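Note that numbering that gives the first Met the number 0 has the sequence shown beginning at 0, numbered continuously upward.
Just so it is clear, CB atoms sit at the ideal spot from N, CA and C, and this is done for glycine as well.
The structure displayed is predicted, hence computed values, not measured ones.
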Amino acid sequence: MSVVARPQAPFGRRIVHVTDRRVAGPYVALTARDRGGPAPLAGQFYMLMTPTTWGGGADGRPYLPRALSFARAVSTADGIALDFLFEGVGPGTDRLMEVGVGDELLIAGPFGNGFALDGERWPVLVAGGIGLAPIVALEDELRELDGVRATTFVGMRSIDHASAAGLYELEHELATEDGSAGHQGYVTDLVKAHLEEHAESTVYACGPAAMLEAVRVLCAELGVPSQLAMESGMACGFGACYGCVVPTKDGFTRLCVDGPVLDGSQLDTALISGAPH
Ligand SMILES: Cc1cc2nc3c(=O)[nH]c(=O)nc-3n(C[C@H](O)[C@H](O)[C@H](O)COP(=O)(O)OP(=O)(O)OC[C@H]3O[C@@H](n4cnc5c(N)ncnc54)[C@H](O)[C@@H]3O)c2cc1C
Ligand code: FES
């Protein structure tokens, strides 16, 4: 397994300008030009907020920035074009839904550990819902490595949600819960069928905790390594607040520093209580 030194976040928050906004079903993708940070690795994340519209809701929320994975990072002569993909599920993401082209975002990052690629095994990428973001980034990373053959499975609630994969021309096999496109059922049905034929795989997954747990259990049963991009409530994103601790076999760990990607073998369960999704 190749462990690459993580790109370090510059100190403090910085302003980035939004250069593009696209809508796919319930999801919004924002592109922002980052002139102050290093190129991130798939699975790393940023803390985001807006400079002027944050806070001030009925209960003062959103007070803290929100953690978002990046979905695509393209190096340009004028900084890194960073894509963020999200759905409005609460005060923070609702504010981000209102952001348009030309607006500013305040970001800090990239934080955390990305996926550690295992060059020897077949990469199997698994995305559930908004967990698509780091999986797009990982597919981009793999495409740049010559000769790497990856298989990607995406699970969505409906064809409407699945349109997010179209924003990134992602080659994938699709499962929808309502059967409106692709296989009707859970994405793990597709993953199981694949792994039963190809135990020489390594699974890289991001999605709701229940999906990650199903992937973890399946991989453990079949002896397949898994790397799971997890979520927990994050207040700072860089190790200071201990708000993001999750239980592992070796005790509690800060997900923002030691994750968000954890090896499935480190966990008794991926069902983290209090995980936002
Ligand atoms: C490393 C990382 C990467 C992430 N990447 C993305 C991404 O790329 N795109 C994206 O859309 N989101 C991403 N998230 C999730 C996002 O940060 C959270 O959903 C965040 O809470 C949204 O903020 P909010 O104010 O909009 O909603 P919140 O008010 O925080 O609520 C979000 C949802 O979670 C529920 N919720 C909140 N707290 C709890 C709790 N304690 N127990 C159970 N349910 C709870 C709420 O009911 C609501 O439905 C990521 C999170 C992490 C940690
Ligand atoms: S979010 Fe503050 S320590 Fe992890």
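DSSP-derived helix/strand/coil call for methionine 229 = Position 230 of the sequence shown, counting from 1, holds the residue named residue 229. Methionine 229 falls in the coil class under three-state DSSP.
Can methionine 233 be considered in contact with ligand 2, in the sense that its beta carbon sits closer than 7 angstroms to one or more heavy atoms?
-> Your numbering for residue 233 matches position 234 in the sequence shown. Checking the Cβ of methionine 233 against ligand 2 gives yes.
When you compare only the Cα positions, how much space is there between arginine 215 and leucine 173?
-> Residue mapping note: residue 215 aligns to position 216 of the sequence shown, counting from 1. Residue mapping note: residue 173 aligns to position 174 of the sequence shown, counting from 1. Cα-Cα distance, rounded: 20 angstroms.
Any heavy atom of ligand 2 within a distance shorter than 7 angstroms of the CB on alanine 239?
-> Locating residue 239 in the sequence shown gives position 240, where the first residue counts as 1. Because some heavy atom of ligand 2 lies under 7 angstroms away, the Cβ of alanine 239 counts as near it: yes.
Could you please give me the residues that DSSP links to phenylalanine 44 through a beta bridge?
-> Numbered from 1 along the sequence shown, position 45 holds the residue referred to as residue 44. Ser68 and Phe110.
Histidine 197, DSSP secondary structure in three states = Working through the sequence shown from its first residue, we reach residue 197 at position 198. It is coil, neither helix nor strand.
Would you say glutamate 230 touches ligand 1, meaning its beta carbon is less than 7 angstroms from a heavy atom?
-> In the sequence shown, counting from the first residue as 1, residue 230 sits at position 231. Yes.
Check whether the region 84-94 touches the region 239-258, counting contact only when three or more Cβ pairs, one atom from each stretch, lie closer than 8 angstroms.
-> no
With respect to the alpha helix (DSSP H) encompassing isoleucine 129, which residues constitute its N-terminal and C-terminal limits?
-> Start at 1 with the first residue of the sequence shown, and residue 129 comes out as number 130. From DSSP, isoleucine 129 is part of no alpha helix (DSSP H); its letter is neither H nor E.
Could you check what DSSP says for valine 353 in three-state terms: helix, strand or coil?
-> Residue 353 lies beyond the stretch modelled for the chain, which goes from 0 to 276, so this question has no answer here.
Residue span of the alpha helix (DSSP H) that contains aspartate 145, given as start and end | The residue given as residue 145 occupies position 146 in the sequence shown. Unbroken run through aspartate 145: none, as it is neither H nor E.
Ends of the beta strand (DSSP E) at isoleucine 79?
-> Position 80 of the sequence shown, counted from the first residue, corresponds to residue 79. Segment 78-86, the beta strand (DSSP E) holding isoleucine 79.
Roughly how many angstroms separate the alpha carbons of tyrosine 62 and tryptophan 53, rounded to a whole number?
-> Position 63 of the sequence shown, counted from the start, is the residue given in the question as residue 62. Position 54 of the sequence shown, counted from the start, is the residue given in the question as residue 53. Whole-angstrom Cα-Cα distance: 7 angstroms.
Glycine 99 and arginine 20 closer than 8 angstroms at C-beta = Reading the sequence shown from its first residue, position 100 is the one you call residue 99. Reading the sequence shown from its first residue, position 21 is the one you call residue 20. Result yes, Cβ atoms of glycine 99 and arginine 20 sit closer than 8 angstroms.
Apply the 10 Å Cβ neighbour rule to arginine 148 and answer buried if 16 or more other Cβ atoms are within range, or exposed otherwise.
-> Along the sequence shown, one-based indexing puts residue 148 at 149. That one is exposed.
Using alpha carbons as the reference points, say which of Ser264, Cys205 and Ala164 lies closest to proline 25.
-> If you number the sequence shown from 1, residue 25 lands on position 26. Looking at the Cα atoms, Ala164 is the closest of the given residues.
From the DSSP output, read off the bridge partner residues of cysteine 293.
-> Residue 293 lies beyond the residue range present for the chain, which begins at 0 and ends at 276; the question has no answer from this structure.
Based on the DSSP secondary-structure assignment, which residues constitute the bridge partners of glutamate 97?
-> Within the sequence shown, numbered from 1, the residue matching residue 97 stands at position 98. DSSP output for glutamate 97 lists no bridge partner at all.
According to DSSP, residues forming a beta bridge with threonine 52 = Sequence index remark: in the sequence shown, residue 52 carries index 53 (1-based). DSSP, once it has assigned bridges, lists no residue as partnering threonine 52.
Hey, quick one: how far does the beta strand (DSSP E) through histidine 16 stretch, first residue to last?
-> As a first step, residue 16 must be located in the sequence shown, where it is residue number 17. Start and end: 13-23.
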